[in-house]
Amino acid sequence: MPAPSFPQSSHFASISTATEAAVGGEGEWLPLPSTTRLYTNAYIFHEEKILLGMKKRGFGLGKWNGFGGKVHEGETSLQAASRELQEEAGISAPLKHAGILLFINQGSDLAHHIDLYRADSFNGDVTETDEMQPSWFSALPSEVEPPVDLPRIPFDKMWDDDRHWFPLLLSNTFFIGRADFHEPTPNHFVPGRFWFGLPPP
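For the sequence shown, this note's numbering begins at 1347 and goes up steadily by one.
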């Protein structure tokens, strides 16, 4: 299946030659908004564990996710990711670019470009904040039983598309993807089409 439309930028220049990794969903692709806003999302790994945060307020309330937010004017994506990690979890980490996601919500005039980052170490003490409740989960393959005191990744309490691209994040495989969402009622997002691929080396 051909890749969906992406913004005309260097970030997505390799889409036409990417190798499809996961594709699915129903319906037609949503129109591509004329404006794209930049966001970040960072994931910390440590001793076969992954740190996630449960959103305590605002957009995505109650969902588990990485740590991130908007890229402010004058910031690079990496600077924004580092700032958000410190603000939301109280730690710093040697973040490396791990992927790019494009989210499009039905009826929105903005496309959300999200730079994903990961790190395999961190500095500081993981701390709950006003915005996020952090917790460790097993990063072991699904067929491996985790320790009794370490829960599995809670995909049923995450964004619906996460389960399709998370194996790439867990295996430290750089990827690019797009996920469309419909909003039949306010703040109730239903997944539409999705596509995730591996750019050429």
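The beta-carbon is built from N, C-alpha and C at its ideal position, and this holds for glycine as well.
How is the alpha helix (DSSP H) around residue i delimited, first residue to last?
i	result
residue 1510	1508-1516
Residue i by DSSP, collapsed to three states: which one?
i	result
residue 1423	helix
residue 1452	coil
residue 1354	coil
residue 1431	helix
residue 1361	helix
Can you give me the start and stop residues for the beta strand (DSSP E) that residue i sits inside?
i	result
residue 1528	1521-1531
residue 1400	1395-1401
residue 1475	Per DSSP, residue 1475 belongs to no beta strand (DSSP E) and is neither H nor E.
residue 1440	Unbroken run through residue 1440: none, as it is neither H nor E.
residue 1537	1534-1544
residue 1485	From DSSP, residue 1485 is part of no beta strand (DSSP E); its letter is neither H nor E.
residue 1384	1381-1392
Determine the burial state of residue i: buried for a count of at least 16 other Cβ atoms within 10 Å of its Cβ, exposed for fewer.
i	result
residue 1489	exposed
residue 1461	buried
residue 1352	buried
residue 1420	exposed
residue 1360	exposed
residue 1517	exposed
residue 1533	exposed
residue 1627	The chain is shown from 1347 up to 1547; residue 1627 falls before or after that span and cannot be answered.
My assumption, with CB atoms under 8 Å, is that residue i sits in contact with residue j. Please give the rounded CB distance.
i	j	result
residue 1417	residue 1384	4 Å
Identify every residue that forms a DSSP beta bridge with residue i.
i	result
residue 1445	1462 and 1521
residue 1413	1388
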